[in-house]
Every structure is written in C-alpha cells, then in structure tokens.
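Just so we're aligned, residue 29 is where the sequence shown starts under this note's numbering, counting upward by one.
Note that CB positions come from ideal geometry on N, CA and C, so glycine has one too.
Read through the structure below, which is laid out as structure tokens, and then see the notes.
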Amino acid sequence: MRVIDNHTRLYGVIGHPLIHTMSPTIHNAAFEATGINAVYLAFDTLLLEKALDGLAAIGCLGLSVTIPYKEELIDYLKFIDPMAKEIGAVNTLVNKSGSWIGYNTDATGALRAIEELCEVAGRHCTILGAGGAARAIGFALKEKGCHISIVNRSRPRGEKLAQELDAEYLPLDKLAMINTDIVLQTTPVGMYPKVNDVPFDPGKVRAEIVMDIIYNPFETGFLKQCREQGATTIPGARMFLYQAAEQFKLWTGMEAPMEVMEKALLQLLRNDHLTR
C-alpha cells in the first residue's frame, strides 16, 4: 500500500458531477505500478476559476478535465496547445511554474483505439453527434485526410461542425443511405445508468467498424446491436485508456503502463456491473 507523505505529488480530475468517474482508479494504478510518489483525486466543483487557482497555488501538477468544463476552460488559460486551440476544447492541464497549459488527448485516444484495427488515413468516417467529443475526434480525422460525414439531430449544430471540418452534414433520416468505413458514436446516450437507451437506430448503420466512445457500460446497447449485425466494434474503454495514457505521459514524461491501467479499469467496470 502506498504511503502519502510530504513528497507526494498531486494530480486529479475536475468536473461536475464526478460520482461515476473512473479516472482516479486507472491513474493511481499507473502511479503505483511505475513507482511514482503521486496521488490522483476527484475535484467535483461548480467554481471552476477558483478551483483552478487554488489547485495551482497548492502545487497540483496536472488535471484531467471533464464535463462540463472542456470548452469553457479555454477562457481561463493563457497557454494552450495548438491542436487543443483548434479543437476548441481542453481535457488535460499541466502545471508549469504555477500556470496551467491546456491539451486535448481525446483526439489522440480515439485515433489510437481505431488504429489498433486499421489504418485511418483516407477512410470515410461518419461521426454521430456534434458535441465536444465529436469536434475533437473530427479534427484528428481531418488531420489524417479522412472523408468525414456528420450526422446529428440538431441541424444547425451539425452543419456548423461540418463546416469547420470541411465535412458533409447529413440529417438523421439519411443515416441508412451512408456507405462508410468507420462509424463513431460520440453522444452520451446509453451511458450508465441509462444503459438501455440507444442514440441512433443500429439497423441503419452500415459500416465495417463501429466505435462508441462511452466506456461505462463496457458494451453499450448500440455497440452490442452493431456487433450482432456483423460490424467489428471498438468499446469506448479503448479510447478512454489511450487518452489517459497520453495524459500520464504529459504529466510524467514516461510511457504509461497500459496493461496495468486496462486491468484496473476492467476490474472496476466488472465490479460496477455486479453491484447494479
């Protein structure tokens, strides 16, 4: 068991609400496995600016950022990584000499999850949703030279994102007409505890590969139905692990112990499932 002492470094996740966050489990497992004297805590707050100032003042070295602050946070930062600035969202903070630097590892995490199965460059990718996660993933796919389609219930928001990505917008009723290589489900519909909700009709999805960015439950209802129809599926846990691994590297300069982090996450998901 690790000992917390006066040399222990502080990291954490900031957002609201954080009752279901799994980030402390995987990052603390990574610190323990690598012998780093650090602890990762959850900071649930509605006072973003005060929390950031306070955490920087007490020497917190790094933060994960989650709902609802990924986009709002931009306004509080003097230093932002170019990719995060282009995306317009930050999910990672690094404390350099008392100032926060913002990064986005969601995009990298999604790409690495897909590229476990296939090369992304030049593929036709259809993104379901037009929120912050869709935006981050979309910019990463754009960098890879992908042809991108955006499908979203809200036409104005979908068209806006499509324009920013040099992509095409398609209304929901056109989903069944799309022949695509990869589908990425980026909405929160189907997330625990509403695990039976499905954001789009899986029967209208025609793709070789389908990824759902939700990681709890491990397999969403949407992903399960796509798998049963013959698609190769990627659970959101893969993206979650890869984005966390990128965070770990930004904070420590070390490669993350992926196997340890994956084992910790799967054990937590298994225990969570058993207690429902």
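Beta-carbon separation of residue 104 and residue 77 under 9 Å?
By one-based count along the sequence shown, residue 104 stands at place 76. By one-based count along the sequence shown, residue 77 stands at place 49. A contact, by the Cβ cut-off of 9 Å.
At 4 residues or longer, what runs of the alpha helix (DSSP H) sit wholly inside the region 223-259?
Correct list: 249-256.
Runs of alpha helix (DSSP H) lying entirely within the region 120-169, each at least 4 residues, in chain order:
Taking 4 residues as the minimum length, the alpha helix (DSSP H) runs contained wholly in the region 120-169 are 134-142, in order along the chain.
I'd like the list of long-range same chain contacts for residue 302, defined as Cβ closer than 7 Å, with 5 residues on each side in sequence excluded.
Indexing the sequence shown from 1 puts residue 302 at position 274. At residue 302 the pLDDT is 42, less than 50, meaning the model places this residue with poor confidence and gives no usable figure here.
Helix, strand or coil for residue 84, going by three-state DSSP, please let me know.
Working through the sequence shown from its first residue, we reach residue 84 at position 56. Residue state, collapsed to three classes: helix.
Does residue 180 pass the burial test, meaning 16 or more other C-beta atoms within 10 Å, or should it be called exposed?
Counting from 1 along the sequence shown, the entry for residue 180 is found at position 152. Buried is the call here.
Three-state secondary structure (DSSP) of residue 274
Taking the first residue of the sequence shown as position 1, residue 274 is located at position 246. In the structure shown, residue 274 sits in a helix (DSSP, three-state: H, G or I).
Excluding sequence positions up to five away, which residues of its chain have a Cβ less than 6 Å from the Cβ of residue 171?
Residue numbering aside, residue 171 sits at position 143 when the sequence shown is read from its first letter. Scanning its chain for C-beta atoms nearer than 6 Å, with the 5 sequence neighbours on each side dropped, one finds no residue around residue 171.
Cα-Cα separation, residue 37 to residue 187:
In the sequence shown, the residue the question calls residue 37 occupies position 9. In the sequence shown, the residue the question calls residue 187 occupies position 159. Cα-Cα distance, rounded: 44 Å.
State the start and end residues of the unbroken beta strand (DSSP E) segment that holds residue 175.
Working through the sequence shown from its first residue, we reach residue 175 at position 147. Where residue 175 is concerned, the enclosing beta strand (DSSP E) stretches over 175-179.
Less than 9 Å between the beta carbons of residue 94 and residue 56, yes or no?
Numbered from 1 along the sequence shown, position 66 holds the residue referred to as residue 94. Numbered from 1 along the sequence shown, position 28 holds the residue referred to as residue 56. It is not a contact, given that the beta carbons lie outside the stated cut-off.
Around the Cβ of residue 304, are there at least 16 other Cβ atoms within 10 angstroms (buried) or fewer (exposed)?
If you number the sequence shown from 1, residue 304 lands on position 276. Low confidence applies to residue 304: its pLDDT is 41, below 50, so where it sits in the model is not reliable, and the reading given next is rough at best. Result: exposed.
On the DSSP letters alone, give me the boundaries of the alpha helix (DSSP H) that residue 204 sits inside.
For this step, residue 204 is matched to residue 176 along the sequence shown. Residue 204 -> no alpha helix (DSSP H), and no H or E assigned at all.
Run the CB neighbour count on residue 48, radius 10 Å, all protein chains shown included, and call it buried at 16 or more, exposed below.
Looking up residue 48 in the sequence shown gives position 20. Result: exposed.
Which one of 215, 220 and 272 has the shortest CA to CA distance from residue 285?
For the purposes of this step, residue 285 is taken as residue 257 along the sequence shown, with counting starting at 1. Of 215, 220 and 272, the residue nearest in Cα terms is 272.
Taking a contact to mean a Cβ-Cβ separation below 9 Å, would you say residue 196 touches residue 165 in this structure?
Taking the first residue of the sequence shown as position 1, residue 196 is located at position 168. Taking the first residue of the sequence shown as position 1, residue 165 is located at position 137. 9 Å or more divides the Cβ of residue 196 from the Cβ of residue 165.
Coarse secondary structure for residue 196, derived from DSSP in three states
In the sequence shown, the residue the question calls residue 196 occupies position 168. In the structure shown, residue 196 sits in a strand (DSSP, three-state: E or B).
What are the boundary residues of the beta strand (DSSP E) that residue 117 is part of?
Within the sequence shown, numbered from 1, the residue matching residue 117 stands at position 89. Going by DSSP, residue 117 is part of no beta strand (DSSP E) at all; its letter is neither H nor E.
Spatially closest choice to residue 252 from 134, 69, 169 and 225, by CA coordinates:
For the purposes of this step, residue 252 is taken as the residue at position 224 of the sequence shown. The option with the nearest alpha carbon to residue 252 is 225.
Among 243, 206 and 145, whose alpha-carbon lies nearest the alpha-carbon of residue 231?
Along the sequence shown, read from residue 1 onward, the residue named residue 231 stands at position 203. Checked all of 243, 206 and 145; the closest Cα to residue 231 is 206.
Measuring alpha carbon to alpha carbon, tell me which residue in 267, 194 and 220 is nearest residue 212.
Within the sequence shown, the letter at position 184 stands for residue 212. By alpha-carbon distance to residue 212, the top candidate from 267, 194 and 220 is 267.
What residue range is occupied by the uninterrupted beta strand (DSSP E) comprising residue 92?
Here residue 92 is taken as the residue at index 64 of the sequence shown, counted from 1. Secondary structure note for residue 92: its beta strand (DSSP E) is the uninterrupted segment 90-93.
Determine the direct distance from the alpha carbon of residue 32 to that of residue 66, and round the result to whole angstroms.
Counting from one through the sequence shown, the residue named residue 66 turns up at place 38. Counting from one through the sequence shown, the residue named residue 32 turns up at place 4. Straight-line Cα distance between these residues: approximately 8 Å.
Measuring CA to CA, which of 160, 209, 234 and 258 is closest to residue 102?
Walking along the sequence shown from the start, residue 102 turns up at place 74. Answer by Cα proximity: 160.
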